[in-house]
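Novice: Please see the structure below; I have some questions.
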Amino acid sequence: MKKIYLLMLSALVVVLGGCRKDFEQVRAVRLTLQLEFPDAFIKGSVPKDVEVTLRNNITGELIKAKTDEEGKVVDTVIPGTYTVTASKAYSPEETSELLGNEEEIFVNGNLSPVIVNEEKVAVLKLKSSRAGGLVIREFYYSAITASPSYLYDGFTEIYNNSNEPIRIDSLYMGSTRAGATNNTSASAPYNFLTAYPEEVYLNQVFMVPSTGQPRFLEPGKSLVIAISGLNHKSDPNGNKNSPVDLGDADFEVFWDYPTGRDIDYPDVPNMVHAFAGNTAGFDWNIGINGAGMVIFNTKDFDKLPVRFEPDAKTAGTTQYIGIPVSDIIDGVDATANATIFLSNKRLPISVDASMTTAEVPLKGRSVRRKVKTVINGRTIFVDTNNSSADFEVNLIPSPRKWN
């Protein structure tokens, strides 16, 4: 028996030896990112201390750094495919030295994909945008699991992040086509971004009604716009699993179309439905995988371009209205999960340099803006036009609750 064991052991050693492979150690390579200001900036200005994030598209690993005195980030990385985002806010005093005029601005930019398999230099041209007093503070789109799923307790909260009252009557808000579940689905790319980069194309737009008298939103106050204005947790038309009571929302969206399935809740005033890309549904279905949500003011709304999505993989009857990027006050690009590539964004980088996510659909989670500071009892929220840095996941959506 001992001889048999020895023979078996010898055979096992031979087999294992034959299966052995020589693995080469993965060598890190040098990556240099050179950031450049927009052409409108004073010649010779250098984007110093700009926050830069590199994300490995396979492993999800994040590398964070700031540009040096030459506007560069130099690092060694594992070969792979990366997404690069950059953003920085400038005070009016700083902007005076960069642009020659005093106003608070942001610079943002992204590159995707950045393929690194040997030493590489990549140039990232930044874009600038003005800081707006109104911001989207919280966006609840992911819905909850039920039988069937319950999609009607969503809301968007708009907040006055400035120190002055801001007029909001006739303020518009709207959403893009819904996000995709993954990077290969037919709905993944949003072809408007490449075809019309200076416009944001929306399939639904609503407006705060105007009564002829100015309406202002005071500093530190918010405006809650509900898909349906009811206590979703207790109302018979709601769902006991919903995390929100929207019976005190400022406005609701009422879908007044022939389907006749939406309920008009009388205690909450209706938004004006300014544009409908289609009316086939029976409520504003933003999408559990997110969408680009924006707020804006514009002149001659009825003269804005209306188009079908160019080169769409799935043909449809939905049309979209184009809003000039210069009219956008704030926007957040929300998506299904953190694996979605920046190439599948819905909003231009001058509106939102990256994307944010509630991480998991149908779990009743929202995304909310991070608190920057509190001054004399008034909360100031982070606003760099970069939602991956500005927003966080809120496990229980909480309109008008932030401290």
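In terms of my numbering, the numbers along the sequence shown are unbroken and rise by one, the last being 442.
Where is the CB? At the ideal position from N, CA and C, for every residue including glycine.
Smallest Cα separation from K111: which of T92, F380, T337, P187?
Specialist: Counting from one through the sequence shown, the residue named residue 111 turns up at place 72. Nearest C-alpha to K111: T92.
Novice: For my contact list, V333 and G213 are in at a C-beta cut-off of 8 Å; report their separation, rounded to the angstrom.
Specialist: As a first step, residue 333 is located in the sequence shown; it is residue number 294 there, counting from the start. As a first step, residue 213 is located in the sequence shown; it is residue number 174 there, counting from the start. Going by Cβ atoms, the distance from V333 to G213 rounds to 6 Å, so yes, they are a contact pair.
Novice: Taking the straight line between their C-alpha atoms, what separation do you get for D422 and R385?
Specialist: Here the question's residue 422 lines up with position 383 in the sequence shown. Here the question's residue 385 lines up with position 346 in the sequence shown. Using only the alpha carbons, I get a separation of about 19 Å.
Novice: Whole angstroms are fine: how far does the CA of F145 sit from the CA of D107?
Specialist: In the sequence shown, counting from the first residue as 1, residue 107 sits at position 68. In the sequence shown, counting from the first residue as 1, residue 145 sits at position 106. When rounded, the distance between both Cα atoms is 18 Å.
Novice: Quick one: what does DSSP say K342 is sitting in, helix, strand or coil?
Specialist: The residue labelled residue 342 in the question sits at position 303 within the sequence shown. Correct three-state label for K342: helix.
Novice: Which of the three DSSP states, helix, strand or coil, is assigned to T195?
Specialist: Locating residue 195 in the sequence shown gives position 156, where the first residue counts as 1. T195 falls in the strand class under three-state DSSP.
Novice: Look at P282 and P436 and say whether their C-beta atoms are less than 7 Å apart.
Specialist: Mapped onto the sequence shown, residue 282 falls at position 243. Mapped onto the sequence shown, residue 436 falls at position 397. Cβ distance < 7 Å, so P282 and P436 count as in contact.
Novice: Check each candidate in R346, T412, S393 and name the one with the smallest Cα separation from N230.
Specialist: Position 191 of the sequence shown, counted from the first residue, corresponds to residue 230. Here the closest residue by C-alpha is R346.
Novice: Indicate the three-state DSSP secondary structure (helix, strand or coil) for V364 in the structure shown.
Specialist: As a first step, residue 364 must be located in the sequence shown, where it is residue number 325. Note: V364 maps to helix in three-state DSSP.
Novice: Within 10 Å of its beta-carbon, does R169 have 16 or more other beta-carbons around it, so buried, or fewer, so exposed?
Specialist: Residue numbering aside, residue 169 sits at position 130 when the sequence shown is read from its first letter. Looking at its Cβ environment, which holds fewer than 16 other Cβ atoms inside 10 Å, R169 is exposed.
Novice: Quick test of your reading: I360 and L343, contact by CB under 8 Å. State the CB separation rounded to the nearest angstrom.
Specialist: Walking along the sequence shown from the start, residue 360 turns up at place 321. Walking along the sequence shown from the start, residue 343 turns up at place 304. Indeed, because the Cβ distance is near 5 Å, the residues count as touching under 8 Å.
Novice: For Q358, which residues of its own chain have a beta-carbon under 8 Å away from its beta-carbon, when the five flanking residues on both sides are left out?
Specialist: Along the sequence shown, read from residue 1 onward, the residue named residue 358 stands at position 319. Excluding residues within five positions, the ones whose Cβ falls inside 8 Å are N242, G316, N317, V345, R346, F347.
Novice: Can you grab the Cα-Cα spacing for the pair G403 / F194, in whole Å?
Specialist: Counting from one through the sequence shown, the residue named residue 403 turns up at place 364. Counting from one through the sequence shown, the residue named residue 194 turns up at place 155. C-alpha separation (whole angstroms): 12 Å.
Novice: When you compare only the Cα positions, how much space is there between L137 and V89?
Specialist: Taking the first residue of the sequence shown as 1, we reach residue 137 at position 98. Taking the first residue of the sequence shown as 1, we reach residue 89 at position 50. Between L137 and V89, the C-alpha separation is close to 14 Å.
Novice: How long is the line joining the alpha carbons of F335 and V432, rounded to whole angstroms?
Specialist: What you label residue 335 is simply residue 296 of the sequence shown in a count that begins at 1. What you label residue 432 is simply residue 393 of the sequence shown in a count that begins at 1. About 24 Å.
Novice: Based on Cα-Cα distance, which residue from I183, T378, A161 lies nearest to L401?
Specialist: In the sequence shown, residue 401 corresponds to position 362, counting from 1. Of I183, T378, A161, the residue nearest in Cα terms is I183.
Novice: Which residue from G299, L74, N199, E100 puts its Cα closest to that of F420?
Specialist: Taking the first residue of the sequence shown as position 1, residue 420 is located at position 381. Answer by Cα proximity: N199.
Novice: In this structure, what does DSSP give as the bridge partners for T396?
Specialist: The residue given as residue 396 occupies position 357 in the sequence shown. T396 is bridged to T374.
Novice: Could you tell me the distance, in whole angstroms, from the CA atom of I388 to the CA atom of Y240?
Specialist: Here residue 388 refers to the residue found at position 349 of the sequence shown. Here residue 240 refers to the residue found at position 201 of the sequence shown. I388 and Y240: Cα-Cα distance of roughly 14 Å.
Novice: With DSSP as the reference, identify every bridge partner of H312, one or two as the case may be.
Specialist: As a working mapping, residue 312 is identified with position 273 in the sequence shown. Answer is F245, bridged to H312.
Novice: So, for E177: in the same chain, excluding its five sequence neighbours on each side, which residues have a beta-carbon less than 6 Å away from its beta-carbon?
Specialist: Walking along the sequence shown from the start, residue 177 turns up at place 138. The answer, listed in chain order, is E196, S405, R407.
Novice: Quick check on S135: does DSSP put it in helix, strand or coil?
Specialist: Stepping through the sequence shown from its first residue, residue 135 is reached at position 96. Correct three-state label for S135: helix.
Novice: Thinking A392 and S126 are a contact (beta carbons under 8 Å), I'd like their distance in whole angstroms, please.
Specialist: As a first step, residue 392 is located in the sequence shown; it is residue number 353 there, counting from the start. As a first step, residue 126 is located in the sequence shown; it is residue number 87 there, counting from the start. About 5 Å separates the two Cβ atoms, so the contact holds.
Novice: Can the beta-carbon of N309 be found closer than 7 Å to that of F293?
Specialist: Residue numbering aside, residue 309 sits at position 270 when the sequence shown is read from its first letter. Residue numbering aside, residue 293 sits at position 254 when the sequence shown is read from its first letter. Against a cut-off of 7 Å, the Cβ pair of F293 and N309 comes out as a contact.
Novice: DSSP three-state label for N383, please.
Specialist: For the purposes of this step, residue 383 is taken as the residue at position 344 of the sequence shown. Helix, per DSSP.
Novice: Let's test the definition: count the other Cβ atoms within 10 Å of the Cβ of N324 and tell me whether it reaches 16, buried, or not, exposed.
Specialist: To locate residue 324, count along the sequence shown from 1; it is residue 285. Buried, because 16 or more other Cβ atoms sit within 10 Å of the Cβ of N324.
Novice: Which residues bound the beta strand (DSSP E) around A125?
Specialist: By 1-based counting over the sequence shown, the position of residue 125 is 86. Its beta strand (DSSP E) spans residues 119-129.
Novice: Can you look up T184 in the DSSP assignment and give me helix, strand or coil?
Specialist: As a first step, residue 184 is located in the sequence shown; it is residue number 145 there, counting from the start. Note: T184 maps to coil in three-state DSSP.
Novice: Should E143 and S135 be called a contact, given that it needs their Cβ atoms to be closer than 7 Å?
Specialist: Reading the sequence shown from its first residue, position 104 is the one you call residue 143. Reading the sequence shown from its first residue, position 96 is the one you call residue 135. It is not a contact, given that the beta carbons lie outside the stated cut-off.
Novice: Closest to R216 by CA distance: which of D301, T374, S201, L150 is it?
Specialist: Reading the sequence shown from its first residue, position 177 is the one you call residue 216. Closest option to R216, Cα to Cα, is T374.
Novice: Where does the unbroken alpha helix (DSSP H) through S151 begin, and where does it stop?
Specialist: Residue 151 sits at position 112 when you count from the first residue of the sequence shown. Premise fails: S151 lies in the beta strand (DSSP E), 144-155, not in any alpha helix (DSSP H).
Novice: Quick one: give me the first and last residue of the beta strand (DSSP E) that A104 is part of.
Specialist: The residue given as residue 104 occupies position 65 in the sequence shown. 101-105 is the span of the beta strand (DSSP E), which, as asked, contains A104.
Novice: In terms of residue numbering, what span does the beta strand (DSSP E) encompassing F231 cover?
Specialist: One-based indexing of the sequence shown puts residue 231 at position 192. Element bounds for F231: not the beta strand (DSSP E) but the alpha helix (DSSP H), 231-234.
Novice: So, for P275: in the same chain, excluding its five sequence neighbours on each side, which residues have a beta-carbon less than 6 Å away from its beta-carbon?
Specialist: Here residue 275 is taken as the residue at index 236 of the sequence shown, counted from 1. Closer than 6 Å at the Cβ level, and outside the excluded window around P275, lies no residue.
Novice: Tell me, which residues are paired with Q73 by DSSP?
Specialist: Numbered from its first residue, the sequence shown carries residue 73 at position 34. Q73 is bridged to K111, V162.
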